[in-house]
Structures are given as structure tokens and as C-alpha cells.
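Here the sequence shown is numbered in the numbering used here, starting from 1425 and rising by one per residue. The structure under discussion appears below in the form of C-alpha cells.
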Amino acid sequence: VETVDGLYRGFFEGVAGAATALVFTGLEWGDAEAKALACVLPRFASLHCLDLSKNKLGVEGALSLAGYLRASASLTALILSRNNLTNLGEAISGVRAIAEALKANASLTFADLSQNALGPAGVKALVDGGAFRASLTVADLRYNSLDIESATLLATTAKAKGISLCGIKPEQTEADFRPSITGKCMK
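Structure, rendered in C-alpha cells:
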């Protein structure tokens, strides 16, 4: 048993240290899996892309991942689309924690938080929490039930910080924030 344990640990450490992308999409992972993943993510020192889209991550999952996001020096792309980071708009503490983590992270250039029922309160938490910092160049926040005020806040902040918002072309002066499937990331 000790030999197998040693072999497994050696293999894991070797793979973890060299991995540049982790894609765990559509696995129906919830908060418990996010918490377990957050414990091992620091071992992935070369990780550039973390894709946890199309899962069931909620507020607790977001809180668990925030610690890693705050400390990661290699992560450049974070994809958390199609989760439930606000427990259907009931709580924004997880989004607030992610915003504060992104503020501290100097390597992240792309964040996809689309389809998470962020709503106006979630967007305000992202803006107030400092998620839109200098290193972030592209953000996808489509399909989050924004109202005119929160969409304006988002667009104004993104423009001031030089961040491209997916689904909005730079030359646009008006936007339709109703759900559609035609939006694309634009730079």
C-alpha cells in the first residue's frame, strides 16, 4: 500500500506541476466538489485556464474557489459560466468573494461569469469589489438578468478600465440586454 501511495503521489505531483488547463465542464459538480478542488488547486503551479462551466456551483463553491483565485500567479482564464453562484439571486457573498479575489489577482485576463443569475446586486458586488482591475481585458457577463442601471454600471466601468465585454461591440451606443444566443466575445 505504501508503494502504491508513493507512486500515486509522485505521478500526481508531476502532472499537477505541469498542467496548464483544467476543464471540468458539465460534470454536475456542486459546492462540495468545488471545496475539494480548491484544496488541491495550489499544486497546479502552471495552471493558466480553469473551466468549471456547466456545473452546479453555488455560493459555497464560489467562496471555496476565491482563496485560490486570490493567490494564483499563473491563472489567466477563469470560466464559471452556467453555474448558480448566487443561489438563484438569493445570495451574493460568493460573487463578492470572487470579486475581491480578482482584485488581488494580477494574472487573470479573462473571466466568464455568464449565466449565473448575478442580477443587479451581483454586478454591483463585482464592480464595488474591484473585480475589474488592470490585468482583466475581457469579461463575459451575459445572461445575468441585468436591469438598465446595472448594465449601465457594467458598461461604464468596463469602458473606464479598458475591458471588453462579450456581446457588446466597441462601436455600439445602445444595447439590448434581453437573452439571445447571438452574442460573441468582441475585442
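Ideal placement from N, C-alpha and C gives every residue a C-beta, glycine not left out.
If only complete runs of 4 or more residues are kept, the region 1434 to 1477 shows the alpha helix (DSSP H) at 1455 to 1464, in order along the chain. DSSP, read as helix, strand or coil, puts D1564 in strand.
With a beta-carbon spacing of about 6 Å, V1551 and L1577 fall inside the 8 Å limit used to define contacts. Beta-bridge partners of D1536 (DSSP): I1503, D1564.
According to DSSP, S1588 shares a beta bridge with V1562. By the Cβ neighbour-count rule, R1467 is exposed, with fewer than 16 other Cβ atoms within 10 Å of its own.
Around the Cβ of E1514, a 10 Å sphere holds fewer than 16 other Cβ atoms; the residue is exposed.
Per the C-alpha coordinates, the member of G1554, G1546, K1583, A1460 positioned closest to A1528 is G1554.
With respect to V1447, C1473 sits close: the two C-beta atoms are nearer than 9 Å. Short of 8 Å from the beta carbon of T1444, and not among the five residues preceding or following it, lie these beta carbons of its own chain, in chain order: S1470, L1471, H1472, C1473. Collapsing the DSSP output to three states places R1557 in coil. Using a Cβ distance threshold of 9 Å, A1523 and A1541 do not count as a contacting pair. Pairing L1502 with G1450, the inter-Cα distance amounts to about 15 Å.
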